[in-house]
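In this note's numbering, the protein residues as written are 135 to 327. Quick reminder that beta carbons are idealized off the backbone N, C-alpha and C, glycines included. Small disclaimer: the values here were computed from a predicted structure and weren't measured.
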Ligand code: GDP
């Protein structure tokens, strides 16, 4: 698949605004600031597919992008802004659970985790919700350039211990452009599954 051929389709803040539920879709999910936008931009070879440095608490939208062959990539709003109000968090929860509950086209998730912070409580909450859906999971441990080689190995090993039986896992650095080929391979596999 030609991953550079990616185009924005639309943003949605309710189910009725989602594109038609056909074809295949992979969603990018993660805690705010984990490096999701940077990873999307690095994998798809664009500077601004996903906007980095967002304002905390701004309207939370699901962004849909089209690839070749009716495949889509979905950028879900990041979770875990400390500053987000209870009301906003409730909206996020509802929108996201609506998306996961209803979306047949969803083939898998790329879960973005900051390699220095490891799996957080919010990631566990997401996984409690997502894993019972029995869809594919790939974990991207971002900002690996900020870790020493030994630390990278330790993070990878401890993530393998907690998630290795339900997910594939890789180290990644958008800054250093490391891990892009592996990420693309996993995307291809998930789309074809
Ligand atoms: P998002 O909120 O998950 O979309 O996170 P962003 O992609 O906006 O990244 C959050 C911060 O981490 C920004 O300051 C990025 O420049 C930084 N960042 C993201 N990925 C990397 C990486 O691979 N290496 C380093 N050193 N910094 C990164």
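By the criterion of a C-beta distance shorter than 6 Å, residue 147 is surrounded in its chain by 195, once the five residues flanking it on both sides are discounted.
Taken from the Cβ of residue 296, every heavy atom of the ligand GDP lies 7 Å or farther away.
Relative to the ligand GDP, residue 168 has its C-beta within less than 7 Å of a heavy atom. In this chain, the alpha helix (DSSP H) harbouring residue 172 covers 170-177. Burial state of residue 142 is exposed, judged by a 10 Å Cβ sphere holding fewer than 16 other Cβ atoms. In this structure, the CA atom of residue 259 is about 17 Å from the CA atom of residue 167.
Under the three-state reduction of DSSP output, residue 204 falls in the helix class. Residue ranges of uninterrupted beta strand (DSSP E) with 3 or more members, entirely inside the stretch 197-264 and ordered along the chain, are 205-209 and 240-248.
For residue 275, the enclosing beta strand (DSSP E) stretches over residues 270-276. Remark: C-beta atoms of residue 234 and residue 267 approach each other more closely than 8 Å.
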